[in-house]
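Numbering (this note's numbering), first residue to last: 8 to 434. C-beta atoms are modelled at their ideal positions from N, C-alpha and C, and glycine is treated no differently. This structure is a prediction, so every number in the text was calculated from the model and none was measured. Working notes, structure below.
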Ligand SMILES: *Cc1c(COP(=O)(O)O)cnc(C)c1O
């Protein structure tokens with residue numbers, strides 16, 4: 008019998024490429040069909056067949072407080088009633104900017120945009136404009152959105168679909184993108200030694216969360232900081248996932264390394280389409296209309312999106328204990344998951360920090376792109392399908408993170424762990 012989701016996917020395929028608006032939603036890599044979501048609440052999703060799932064995707068990160076937080080909903084509905092968009096200045100844009108600057112001290116000025124992709128693309132442009140240099144260094148397996156110059160050996164869907172680059176990106180767009188290896192500072196230093204005076208910036212996910220979750224080894228982020236300083240390049244932290252997830256001040260606060268520019272997305276919109284980039288005042292002053300780095304947006308700083316984001320950040324800023332609770336939850340959940348695979352006699356490593364984690368179906372420790380790629384994606388697919396069948400919504404790809412939220416309960420975590428236990432026991 009075909010399910011409603013199967014019918015909807017078939018219909019979607021007639022009008023949307025692959026039936027989706029973002030590739031990893033297609034479930035192809037786990038050999039399944041997408042669940043069409045009808046509604047969500049707290050840590051649950053319901054699909055069009057009426058099946059309920061415990062949600063470990065959380066819209067890929069934004070739902071740090073779970074779905075439908077009452078304060079966020081209230082601020083959004085109030086903002087909607089005053090108009091959806093004006094294309095003009097609003098007070099809440101400044102409130103939002105001030106809040107970001109207060110929570111993330113390295114950010115002294117910020118520009119709002121509409122997605123993480125746009126934030127990163129614009130930050131790179133600002134870095135190039137500020138330094139008058141063209142080259143950037145990115146790490147294989149790190150994903151920074153789908154803008155042309157960053158779409159090289161990327162993580163997320165590109166890793167899942169095993170494509171090194173994208174068609175449609177002219178060579179000229181990536182010729183100034185230098186690749187280095189995550190957790191290998193030598194690979195960065197080699198570029199600087201060769202062409203240090205031409206390198207505008209190093210961009211990194213401080214915790215790589217688009218090739219599964221890979222933690223920075225001690226000293227790695229520090230070495231990027233000192234290389235950038237030594238060669239006059241800017242250090243850009245792409246905190247689209249880690250920002251406001253690892254702490255109120257993001258990964259830079261958690262690891263004590265200060266970038267020059269930071270990009271945000273996901274959590275700062277609380278589920279609305281928002282991105283932002285910011286950093287030192289002297290750098291951000293290159294952005295138009297103050298400076299000559301042009302960047303604009305019809306819907307940037309949209310009042311409804313700002314209302315959602317400002318309420319989200321306010322909740323996090325005034326309840327910092329949320330991060331201790333998330334860390335406790337993460338330690339419990341990912342720790343138990345590691346115990347379960349170990350009891351099943353499997354070497355699979357679980358990587359996690361706080362509420363962000365991943366189970367690699369790999370036979371060795373995962374520290375970079377090469378080791379991440381050794382994962383058995385078919386084994387992940389089988390596990391993921393089993394969990395889905397039993398009401399656990401995991402990312403439909405090995406190279407994506409699991410996101411815990413403040414709304415997950417101990418009972419839900421235990422239900423999930425029990426299912427994982429029975430899956431691995433029956434292997
Ligand atoms: C999701 C993501 C992006 C892109 O953000 P979009 O809102 O999907 O455009 C950029 N960088 C990182 C680290 C991300 O995880």
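Excluding sequence positions up to five away, which residues of its chain have a Cβ less than 8 Å from the Cβ of residue 51? Contacts found: 59, 60, 61, 62 and 74.
Give the DSSP-derived three-state secondary structure of residue 321 in the structure shown. Assigned with DSSP and collapsed to three states, residue 321 falls in helix.
Terminal residues of the beta strand (DSSP E) in which residue 208 lies: 206-211 is the span of the beta strand (DSSP E), which, as asked, contains residue 208.
Within the continuous beta strand (DSSP E) that includes residue 54, where are the two ends? Residues 51-54.
How would you call residue 425, buried or exposed, if buried means at least 16 neighbouring beta carbons within 10 angstroms? By the 10 Å Cβ count, residue 425 comes out exposed.
With distances taken between CB atoms, is the gap from residue 148 to residue 427 smaller than 7 Å? At the C-beta level, residue 148 and residue 427 stay beyond 7 Å of one another.
For residue 410 and residue 65, the rounded distance between their alpha carbons: Taking the straight line from one Cα to the other gives about 6 Å.
CB contact flag (residue 266, residue 234, <7 Å): Taking C-beta atoms as the reference points, residue 266 and residue 234 fail to come closer than 7 Å.
Give me the Cα-Cα distance between residue 373 and residue 97, rounded to the nearest whole angstrom. So the two alpha carbons sit approximately 46 Å from each other.
Strictly by DSSP, which residues pair up with residue 363? Within the DSSP bridge table, the entry for residue 363 names 360 and 410 as partners.
Delimiting residues of the alpha helix (DSSP H) encompassing residue 128: In the DSSP annotation of this structure, the continuous segment of the alpha helix (DSSP H) that includes residue 128 starts and ends at 123-138.
What residue range is occupied by the uninterrupted beta strand (DSSP E) comprising residue 119? Element bounds for residue 119: 116-120.
Go to residue 164, then tell me how far its alpha helix (DSSP H) extends in each direction, as first and last residue. For residue 164, the enclosing alpha helix (DSSP H) starts and ends at 164-167.
Backbone CA spacing between residue 197 and residue 188 [nearest angstrom]: Cα to Cα, the separation comes out at about 11 Å.
Hey, is residue 248 close to ligand 1, as in C-beta under 6 Å from one of its heavy atoms? Yes, the Cβ of residue 248 comes within 6 Å of a heavy atom of ligand 1.
Just verifying my parser: in three-state terms, what is the DSSP assignment at residue 48? Residue 48 sits in a strand when the DSSP states are folded into three classes.
Please report the straight-line C-alpha distance between residue 317 and residue 103, rounded to a whole angstrom. When the Cα atoms are used, residue 317 and residue 103 turn out to be separated by approximately 5 Å.
Can you round the beta-carbon distance between residue 279 and residue 311 to whole angstroms, since I take them to be within the 8 Å contact cut? Distance from residue 279 to residue 311 at the Cβ level is roughly 6 Å; contact confirmed, criterion being Cβ atoms closer than 8 Å.
Residues that residue 106 bridges to, as DSSP identifies them: As DSSP reads the structure, residue 106 sits in no beta bridge.
Take every Cβ of the segment 330-343, pair it with every Cβ of the segment 119-136, and state whether three or more of those distances are shorter than 8 Å. The segment 330-343 vs the segment 119-136: no contact.
Say yes only if the C-beta of residue 124 is nearer than 6 Å to one or more non-hydrogen atoms of ligand 1, and no if none qualify. Indeed, a heavy atom of ligand 1 lies less than 6 Å from the Cβ.
What's the gap between the Cα of residue 321 and the Cα of residue 173? Straight-line spacing of the CA atoms in residue 321 and residue 173 works out to 39 Å.
Sufficient close CB pairs (3 or more, under 8 Å) joining the segment 112-119 to the segment 282-293: In the pairwise beta carbon analysis, the segment 112-119 is classified as touching the segment 282-293: at least three pairs are separated by under 8 Å.
Please work out which residues of its chain come closer than 6 Å, Cβ to Cβ, to residue 155, disregarding the five sequence neighbours upstream and downstream, and give them in chain order. Only 176 and 180 meet the Cβ criterion.
Local conformation of residue 10 per DSSP, three classes: DSSP places residue 10 in coil when its eight states are reduced to three.
State yes or no: is the C-beta of residue 56 within less than 7 Å of the C-beta of residue 12? A Cβ-Cβ contact shorter than 7 Å links residue 56 with residue 12.
The beta strand (DSSP E) enclosing residue 185, as first and last residue numbers: For residue 185, the enclosing beta strand (DSSP E) covers residues 184-187.
To which residues of the same chain is residue 83 closer than 7 Å at the C-beta, ignoring the five residues directly before and after it? Correct list, in chain order: 311, 314 and 315.
Kindly examine ligand 1 and report whether one of its heavy atoms sits closer than 6 Å to the Cβ of residue 407. Answer for residue 407: no, Cβ out of range of ligand 1.
Below 6 Å, is the gap between the Cβ of residue 364 and the nearest heavy atom of ligand 1? No, the Cβ of residue 364 stays beyond 6 Å of every heavy atom of ligand 1.
Bounding residues of the beta strand (DSSP E) (the contiguous stretch that carries residue 144): It spans 142-146 - the beta strand (DSSP E) in which residue 144 sits, taken as one unbroken run.
Segment contact, 8 Å Cβ cut-off, at least three pairs: the segment 392-410 with the segment 29-46: With a cut-off of 8 Å, the segment 29-46 and the segment 392-410 count as touching, because enough Cβ pairs lie within range.
Going by the DSSP bridge assignment, what does residue 74 pair with across the sheet? Per DSSP, 49.
So what does DSSP say about residue 248, is it helix, strand or coil? It is coil, neither helix nor strand.
For residue 422 and residue 244, the rounded distance between their alpha carbons: One C-alpha to the other measures close to 36 Å.
Taking the C-alpha atoms as reference points, what is the distance between residue 227 and residue 146? Cα to Cα, residue 227 sits roughly 12 Å from residue 146.
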